Structures are given as C-alpha cells and as structure tokens.
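Contents: one structure, followed by commentary.
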Amino acid sequence: MSRHRAPRGPSKRARWSIGIVVALLGLGTAGAYAAYSGLDGNIRHVSADDLGDRPPKRTKAENLLVVGSDSRAGANARYGRPDGARTDTMILFHVPANGRNVRAISLPRDSVVRLPACQTAAGIALPARTGMINSAFNEAGLACAWKTVEATTGVRVDHVLQIDFSGFKNMVDALGGVELTVPEAIDDPKSGLRLAAGRQHLDGEQALAYARARYTVGDGSDLSRIKRQQQLMSAMATKAKADLANPAKLYAFLRAATKSITTDPGLGLRSMYDLARSTGDPATMKFVTVPVEPYPGDQNRVQWSRPQAQRLFDSLK
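The working numbering numbers the first residue of the sequence shown as 918 and each following residue consecutively.
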C-alpha cells in the first residue's frame, strides 16, 4: 500500500530547478545566446488548439508547467513498455513579473481530480471524468495535461515544457554528473540503483534512477519521491551554475536538452532565455507541494486539501 505524508508547505527553499532553464541563466548576454540559437530547431512543439475555456490572464506573471516524461519510444524503450509515454513529475513554475520569489509547485501524480474532456493525438475524444492527474498526460499527451492543470487549479498556464527520461540522463552527463547527500543507503533491485548513505557523485543513469525510485526508498510514497526529485534538481542547478561558463560544456548541455524537450509553439530557446534572465537570485526560489490528504475512495490515492490548496492556487492568479 502506498503511504502519504502531509507536505511541509511553502517554507522549503531550493534553487532554480528545471535543468534547461538553469543552463540559460549561465548564458549571460544576448551575444552569448546567439552562439547557441541554432539549437532552437531541435525543440519539438505541441499544438495548443484544444485548451477550451481558459482562466483569464490577470497579471504579467508567467506560469510554466513542466512535465517529466518516460516516453517508451526510441532510446527510452529500455525504461519500460514501448506503448506510449507516462509521467511521474508535474511541476508548475510561477515567475512574478519582477522575477523575484519564483515558486515551483509540485502536483503529486496520485492526486485524484476532475479531468476535462480531451482529444488524443489519434483524434479519439475522451470524456470528462474523475481520475489521477497524471492520467491526463498518459492518455492524451501534453496538451491535455496543460488543459487539466488550468481546469483544476484555475491558474492560467502560459507555457508548457515536457522533457523525457533519456534527455534528463544526457543532461546530467553533460554536466559531468551531480553531487548530493543521500540520507540513507539505497538498494533498489528494480532500477539497479545502489548508493551508500552520505555525499555521493551521481552520473546520468544513477540520477535518473534516483529520481524514479519509489517503493524501496524512503516511506515509499509519491510525496517522498517528489522531495528527492526536488533535491536532485537543486543539485543540477548548483552544478550548472558552477560549470556552464565553459562554452563546450554549455553547448553539450543545451544540445542534450533541446533534443529532449517538447514545448508549446510560443516557447523556444530565445523565450526561455528571456524568462530565465528576468529572474532574481536562484537561491531564493521556493519549492512547494500541493497540500494533500487521503482520497476517500482509495487510500492509495490523494486529493487536494481544501481550502489550503485553493489558497495556494489563488496566490498564483
């Protein structure tokens, strides 16, 4: 049985997390951007035509939904069945107009919500229904995840970004690995991950296994895994800030990143660069997990605690 612990709330601090945007912080000047702009053509885009009625845009703040995908295609086939993509990670980044006090709100994959009607890539219409929030992406892709987050939170999502497993691994390797503190020894037969407790250096394969591990690590809950993912992203930010002044390393990182992401039509390398440059000190960013409680219909699932969750979403509007 999956166990769920109440999240600590919005006091936990971490550094700017999603790897590609962290790297863009290191570009420095528009002239530096120009040297890497040719990589923009590597980015895939998803249609934004099926979003339906959307929350109003009330401020100049930017909200970016990031989805981690274990696509089963191509290089990712070895991570699971070759039957489409799944997601374990959904994070909503809120960047105020002044670029300060950026927040990253993790949406637990086991959250039971009201899913809006969506259309799959094959043109199959899916009716509105109640289900886990990650099933929106699993069944109908990035656009449906975008639509679902807007419908369930009431927050206008300006941009979406999906990154796949192999891309994450390659990004970590392009950084030369990352260092983090492992609170307790890990021996996970499913992923093959074996780590001693204490300070460890992780390569891309190990970092990916650390991000995905669940049932044999910590208390086995999705909320525990979210905390490890946040820790890993923070470690990536630290390494990127230190190492990506090296043009060769930066190019290798951006090449791996841009080949592994899918975004909305309005989000390219230039717009990500501009968004990153508008932010303040990455160390002031806050990670938040949506407050949750056990779902009455299934104790292995959670639902968002009201009114705490609604107050959090209202603060983003």
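Even glycine gets a Cβ: it sits at the ideal position worked out from N, Cα and C.
On a predicted model such as this, the values are computed, not experimentally measured, just so you know.
TODO: Taking the CB atoms as reference points, tell me whether Ala1062 and Phe1054 lie closer together than 7 Å.
DONE: Mapped onto the sequence shown, residue 1062 falls at position 145. Mapped onto the sequence shown, residue 1054 falls at position 137. A contact, by the Cβ cut-off of 7 Å.
Open item on the list: Taking 7 Å as the threshold (C-beta atoms), are Leu1097 and Gln1148 in contact?
Closed with: The count along the sequence shown starts at 1 and reaches residue 1148 at position 231. The count along the sequence shown starts at 1 and reaches residue 1097 at position 180. Cβ distance < 7 Å, so Gln1148 and Leu1097 count as in contact.
- [ ] Measure the alpha-carbon distance for Leu1229 versus Ile1050 and round it to whole angstroms.
- [x] Sequence index remark: in the sequence shown, residue 1229 carries index 312 (1-based). Sequence index remark: in the sequence shown, residue 1050 carries index 133 (1-based). For Leu1229 and Ile1050, the distance between alpha carbons rounds to 17 Å.
Task: Bridge partner(s) assigned by DSSP for Phe1010 - done: Looking up residue 1010 in the sequence shown gives position 93. Answer by DSSP bridge pairing, in chain order: Leu981, Ala1021.
Open item on the list: Quick check: what's the CA-CA separation for Phe1010 versus Ala1102?
Closed with: Numbered from 1 along the sequence shown, position 93 holds the residue referred to as residue 1010. Numbered from 1 along the sequence shown, position 185 holds the residue referred to as residue 1102. Between Phe1010 and Ala1102, the C-alpha separation is close to 31 Å.
Task: Asp1215 versus Val1029, Leu1024, Gln1227, Ala1226, residue with shortest Cα-Cα distance - done: On the sequence shown, residue 1215 is found 298 positions in, with the first residue counted as 1. Its Cα nearest to that of Asp1215, the residue Val1029 stands out among Val1029, Leu1024, Gln1227, Ala1226.
Open item on the list: Could you give the first and the last residue of the continuous beta strand (DSSP E) run that contains Gly1115?
Closed with: As a working mapping, residue 1115 is identified with position 198 in the sequence shown. For Gly1115, the uninterrupted beta strand (DSSP E) run begins and ends at 1115 to 1119, by DSSP.
Open item on the list: Quick check: Arg1017 and Lys1203, are their CB atoms within less than 7 Å of each other?
Closed with: To locate residue 1017, count along the sequence shown from 1; it is residue 100. To locate residue 1203, count along the sequence shown from 1; it is residue 286. Between Arg1017 and Lys1203, the C-beta spacing is not below 7 Å.
- [ ] In angstroms with no decimal places, state the Cα-to-Cα distance between Thr1069 and Asp966.
- [x] The residue you call residue 1069 lines up with position 152 of the sequence shown. The residue you call residue 966 lines up with position 49 of the sequence shown. Going by the C-alpha atoms only, they are around 19 Å apart.
Open item on the list: Using a Cβ-Cβ cutoff of less than 7 Å, which residues in the same chain neighbour Lys974 once the five nearest sequence positions on both sides are dropped?
Closed with: Here residue 974 refers to the residue found at position 57 of the sequence shown. If the five residues before and after Lys974 are omitted, its C-beta is found closer than 7 Å to the C-beta atoms of Arg1073, all from its own chain and listed in chain order.
- [ ] Report the rounded CA-to-CA distance for Met1088 versus Ala1002, giving the unit in angstroms.
- [x] Here residue 1088 corresponds to residue number 171 of the sequence shown, with the count starting at 1. Here residue 1002 corresponds to residue number 85 of the sequence shown, with the count starting at 1. Separation of Met1088 and Ala1002 (C-alpha to C-alpha, rounded to the nearest whole angstrom) is 19 Å.
Task: Beta-carbon proximity of Ser1177 to Ile1080, cut-off 7 Å - done: For this step, residue 1177 is matched to residue 260 along the sequence shown. For this step, residue 1080 is matched to residue 163 along the sequence shown. Contact: yes.
Open item on the list: Using 7 Å as the threshold, is the C-beta distance between Ala1169 and Ala1042 below it?
Closed with: As a working mapping, residue 1169 is identified with position 252 in the sequence shown. As a working mapping, residue 1042 is identified with position 125 in the sequence shown. No, Cβ-Cβ distance for Ala1169 and Ala1042 is not below 7 Å.
Open item on the list: I need the straight-line Cα distance from Ala1235 to Ile1022, nearest angstrom please.
Closed with: Coverage of the chain is limited to positions 918 through 1234, which leaves residue 1235 absent and any answer about it impossible.
Task: Whole-angstrom distance between Leu1024 and Val1008, CA atom to CA atom - done: In the sequence shown, the residue the question calls residue 1008 occupies position 91. In the sequence shown, the residue the question calls residue 1024 occupies position 107. It should be noted that the sequence gives Ile, not Val, for residue 1008. Each residue's alpha carbon lies about 6 Å from the other.
- [ ] Please report the Cβ distance between Gly1048 and Ala1174, rounded to the nearest whole angstrom; I am assuming they are in contact, meaning their Cβ atoms lie under 8 Å.
- [x] Within the sequence shown, numbered from 1, the residue matching residue 1048 stands at position 131. Within the sequence shown, numbered from 1, the residue matching residue 1174 stands at position 257. Beta-carbon to beta-carbon, Gly1048 and Ala1174 are separated by about 31 Å, too far to satisfy the 8 Å threshold.
- [ ] Could I get the ranges of all uninterrupted alpha helix (DSSP H) runs contained in the region 1050 to 1105, with 4 residues as the minimum, in chain order?
- [x] You should have 1051 to 1070, 1082 to 1091.
Open item on the list: Determine whether the beta carbon atoms of Val1095 and Ala1039 lie at a separation below 7 Å.
Closed with: Taking the first residue of the sequence shown as 1, we reach residue 1095 at position 178. Taking the first residue of the sequence shown as 1, we reach residue 1039 at position 122. Going by C-beta atoms, Val1095 is not nearer than 7 Å to Ala1039.
TODO: For the beta strand (DSSP E) containing Asp1215, list its first residue and its last residue.
DONE: Numbered from 1 along the sequence shown, position 298 holds the residue referred to as residue 1215. Boundaries of the beta strand (DSSP E) harbouring Asp1215: 1215 to 1221, taken from the DSSP string.
TODO: Could you name the residues that DSSP lists as bridge partners for Ser986?
DONE: The residue given as residue 986 occupies position 69 in the sequence shown. Under DSSP, the beta-bridge partners assigned to Ser986 are Thr1004, Asp1081.
Task: Secondary structure of Arg1131, DSSP reduced to three states - done: Residue numbering aside, residue 1131 sits at position 214 when the sequence shown is read from its first letter. It is coil, neither helix nor strand.
Open item on the list: Based on DSSP bridge pairs, tell me the residues matched to Phe1230.
Closed with: In the sequence shown, the residue the question calls residue 1230 occupies position 313. Beta-bridge partners assigned by DSSP to Phe1230: none are found.
- [ ] Can you tell me which of the three DSSP states Pro1211 falls into?
- [x] By 1-based counting over the sequence shown, the position of residue 1211 is 294. Under the three-state reduction of DSSP output, Pro1211 falls in the strand class.
Open item on the list: Quick check on this structure: which residue in Arg1172, Ala1128, Val1207 has the alpha carbon closest to the alpha carbon of Pro1224?
Closed with: Taking the sequence shown and counting its residues from 1, one reaches residue 1224 at position 307. Of the listed residues, the one whose Cα sits closest to Pro1224 is Val1207.
Task: Selection from Glu1056, Pro1033, Asp957, Asp1075 that minimises the alpha carbon distance to Ala1014 - done: Position 97 of the sequence shown, counted from the start, is the residue given in the question as residue 1014. Residue Asp1075 is the option with its Cα nearest to Ala1014.
TODO: Have a look at Val1134 and Leu981 and give me their C-alpha separation to the nearest angstrom.
DONE: Translated into the one-based positions of the sequence shown, residue 1134 becomes position 217. Translated into the one-based positions of the sequence shown, residue 981 becomes position 64. Val1134 and Leu981: Cα-Cα distance of roughly 29 Å.
TODO: With a threshold of 6 Å, establish whether the CB of Ala1157 neighbours any heavy atom of the ligand ADP.
DONE: In the structure on display, the ligand ADP does not appear, and there are no ligands present to speak of.
Open item on the list: Please classify Asp1191 as buried or exposed, where buried requires at least 16 other C-beta atoms within 10 Å of its C-beta.
Closed with: For the purposes of this step, residue 1191 is identified with residue 274 of the sequence shown, where counting begins at 1. Exposed.
TODO: Give the secondary structure of Lys1176 by DSSP, where H, G and I count as helix, E and B as strand, and everything else as coil.
DONE: Start at 1 with the first residue of the sequence shown, and residue 1176 comes out as number 259. Of the three classes helix, strand and coil, the one that applies to Lys1176 here is coil, per DSSP.
Task: N-terminal and C-terminal residue of the alpha helix (DSSP H) that Leu1149 is part of - done: Residue 1149 sits at position 232 when you count from the first residue of the sequence shown. Here the alpha helix (DSSP H) through Leu1149 covers 1139 to 1160.
TODO: State the start and end residues of the unbroken beta strand (DSSP E) segment that holds Leu1032.
DONE: Translated into the one-based positions of the sequence shown, residue 1032 becomes position 115. For Leu1032, the enclosing beta strand (DSSP E) stretches over residues 1029 to 1032.
Task: Bounding residues of the beta strand (DSSP E) (the contiguous stretch that carries Lys1203) - done: For the purposes of this step, residue 1203 is identified with residue 286 of the sequence shown, where counting begins at 1. For Lys1203, the enclosing beta strand (DSSP E) starts and ends at 1203 to 1206.
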